[in-house]
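Step one of this worksheet: look at the structure below.
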Amino acid sequence: MSARDFFSCHLESMAPHRAILRSVECKFMGAVPLESPVLDIGCGDGHFASIAYDRPIDVGVDVLTRDLAEARTRAGVYRHLLLASAPALPFANGSFATVVSNCVIEHIPDVDHTLQEIARVLRPGGTFATTLPSEHFSEWLLGSTLARSLGLNGLAILYGDFFNAISHHYHIYPSTWWDDKLAAVGLPVVEHFEYFSAQAHRAFDLSHYLGVPNLVTKRMFGRWVLHPRQTAFFEWWLRPFYKEPLPAEGAYQFVRCIRA
C-alpha cells in the first residue's frame, strides 16, 4: 500500500467529508496493479484518479459532460475521455486488462447490465476493482445513531433514507450480495474487505455540516479551501480515521475480482 499521504492531498482541495472518505479509498484503489489498457468507469472530474494513481489511465468514461470537461483540464491523468454509460459500454469484448470504478456502481440503477458490461469488456484474467457502500451505510450515520439513541427508530430510518436519496444510492447491499452478483457474470471475487468504522462514518456525517464554510468558499470563489487554517481542525479531527486499521465491519467495502 502506498506511503503517500492521500489525506493531506484531498483535504487541501475538497470538502472535509469527501476528503476523509476519498483519501481512505485512495489507499486501496491506488494499490490495485494497473495492467494496461485500463478503463475507469465513472471517472468524474478526474480528481480522484489524479491523486490515487501514479500513471495515466488509458480511458475514463462518465455520463456528465461537465465533469468530463473538468477531467480534460487535468493534464496526464487520462489518455482518453468518453461520454458513455456503464450499462452500455462502447468497447469491444476483452478490450481492457484492468477496470476500476470508485464508489460509482451504487449510483447506477441498472446494476445487472453494468456488471455484465464490465465482465464483457474485461479480458480473461483481467482485474476489476471497485468500492461500494455496505449495508451499514444508513444505520451508522450520526443522524441515524442519535435518533436511535433517543428511541426514535422511525426518524433514524427516515434520516438514512434521506441521506441515501441525496447521495443517489440505488444499491446498498452486504458483501455476500455483491459476491454472488459478480460471480454470476464471470467475475469471481478474490479480495473483499470492509472499511470505514462506525466512528469514522459518524465523523463523515458530521463533517458535512461542519464543512459548510468550505461550501461557502466554493460557491463564492470556486475553491473549497482558501487558506490552510480552514483545514487545521479537520486535519486534527479526521486524520485518525484515515489511519485506522480495517474494522471487522465497515460502512464501505472494497472488492477485487479476476475475470474468469
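Residue numbers (numbering that gives the first Met the number 0): 0 to 259.
Cβ coordinates follow ideal geometry from the N, Cα and C atoms, glycine included.
The alpha helix (DSSP H) that contains residue i, what's its start and end?
i, result
"residue 149", "Unbroken run through residue 149: none, as it is neither H nor E."
"residue 135", "Per DSSP, residue 135 belongs to no alpha helix (DSSP H) and is neither H nor E."
"residue 239", "228 to 242"
"residue 7", "5 to 10"
"residue 182", "174 to 183"
Does residue i come out as helix, strand or coil in the three-state DSSP assignment?
i, result
"residue 102", "coil"
"residue 195", "coil"
"residue 29", "coil"
"residue 224", "coil"
"residue 124", "strand"
"residue 39", "strand"
"residue 131", "strand"
"residue 0", "Because the pLDDT of residue 0 is 48, which lies under 50, any placement of that residue in the model is unreliable, and the number read from its coordinates should be weighed accordingly. Coil, per DSSP."
"residue 188", "strand"
"residue 246", "coil"
"residue 22", "helix"
"residue 140", "coil"
Rounded to whole angstroms, what is the Cα-Cα separation between residue i and residue j?
i, j, result
"residue 267", "residue 135", "Here the chain comprises residues numbered 0 to 259, so residue 267 is not present and cannot be evaluated."
"residue 13", "residue 222", "8 Å"
"residue 91", "residue 207", "41 Å"
"residue 201", "residue 143", "9 Å"
"residue 124", "residue 65", "34 Å"
"residue 102", "residue 131", "5 Å"
"residue 241", "residue 152", "30 Å"
"residue 237", "residue 19", "7 Å"
"residue 118", "residue 37", "14 Å"
"residue 256", "residue 249", "20 Å"
"residue 95", "residue 122", "6 Å"
"residue 27", "residue 253", "7 Å"
"residue 7", "residue 239", "13 Å"
"residue 10", "residue 199", "16 Å"
"residue 39", "residue 209", "31 Å"
"residue 107", "residue 4", "30 Å"
"residue 184", "residue 232", "45 Å"
"residue 57", "residue 63", "19 Å"
"residue 226", "residue 71", "26 Å"
"residue 154", "residue 171", "19 Å"
For the beta strand (DSSP E) holding residue i, just list the boundary residues, first then last.
i, result
"residue 255", "251 to 257"
Can you tell me whether residue i is buried or exposed? The criterion is at least 16 other CB atoms within 10 Å of its CB, across all chains shown.
i, result
"residue 82", "exposed"
"residue 113", "buried"
"residue 35", "exposed"
"residue 220", "exposed"
"residue 214", "exposed"
"residue 17", "buried"
"residue 69", "exposed"
"residue 43", "buried"
"residue 85", "buried"
"residue 193", "buried"
"residue 190", "exposed"
"residue 48", "buried"
"residue 50", "buried"
Which runs of the beta strand (DSSP E), 3 residues or longer, sit entirely within the region 41 to 122? Listed in chain order, the complete beta strand (DSSP E) runs (minimum 3 residues) inside the region 41 to 122 are 56 to 61, 77 to 82, 95 to 101.
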